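Visitor: Under the numbering used here, the first residue of the sequence shown carries the number 147, and numbering increases by one thereafter.
Sharing a structure with you now.
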Amino acid sequence: MVGAVGGSLVNLVYPYFLDQKGWRGPAYRRVQNFDFLLAVVVMIVFNLAVWTLGAEPFLTEPGTLSRALSQAIEAECGVAPELSTSGGTSDGRFIRRIADQVIEFGPVNASIHQVDECVELEAIEPLKNVYRRTLELLLA
């Protein structure tokens, strides 16, 4: 998506940039080609960097945070949680570089990241209680 947005933006703005620089006509063809090639290379490097970082896993070893959250879920919801990475892509991949433990936890959401994304109201109270109990266990 970054490439699509970045590429579209370059195509939209580039003619205005050329006008501002006065780079019109055959005399400037060489500098236009060089400038465009440089922009493409920068966009490719940027995309590779984003996708390389974005592809890193965020799985961290079980520890204090996972134990506290698991205990809180079991106490508040009456189910034993399972640690899993089956939830899909996660921003945890960026956070794990600065945190020893990363866990994503939230309500079940069939419409996540879609138009009219929503959560059942009945899910809010137990979620709040799990977060509260997790903090109590971590701070005890």
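Heads up, the beta-carbon is just placed ideally off N, CA and C, and yes, glycines get one too.
Please read all numbers here as calculations on a predicted model, not as lab measurements.
1) So, do the segment 269 to 286 and the segment 205 to 225 have three or more beta carbon pairs nearer to each other than 8 Å?
2) For L205, which residues in the same chain have their Cβ closer than 6 Å to its Cβ, ignoring the five residues on either side in sequence?
3) Less than 8 Å between the C-beta atoms of A218 and R279, yes or no?
4) Can you name, in chain order, every residue of its own chain whose Cβ lies under 8 Å from the Cβ of E220, other than the five neighbours on each side?
5) For A286, name the three-state secondary structure that DSSP assigns.
6) Using only the alpha-carbon positions, how far apart do A256 and Y160 sit?
7) Label L215 either buried or exposed according to how many other C-beta atoms from any shown protein chain fall within 10 Å of its C-beta, with 16 as the threshold for buried.
8) Determine the direct distance from the alpha carbon of L158 to that of R170, and round the result to whole angstroms.
Guide: Straight from the coordinates:
1) As far as the Cβ criterion goes, the segment 269 to 286 touches the segment 205 to 225, which means the pair count is three or higher.
2) Closer than 6 Å at Cβ, skipping near neighbours: T231.
3) yes
4) A226, P227
5) A286: coil per DSSP, three-state reduction.
6) 41 Å
7) Classification for L215: buried.
8) 17 Å
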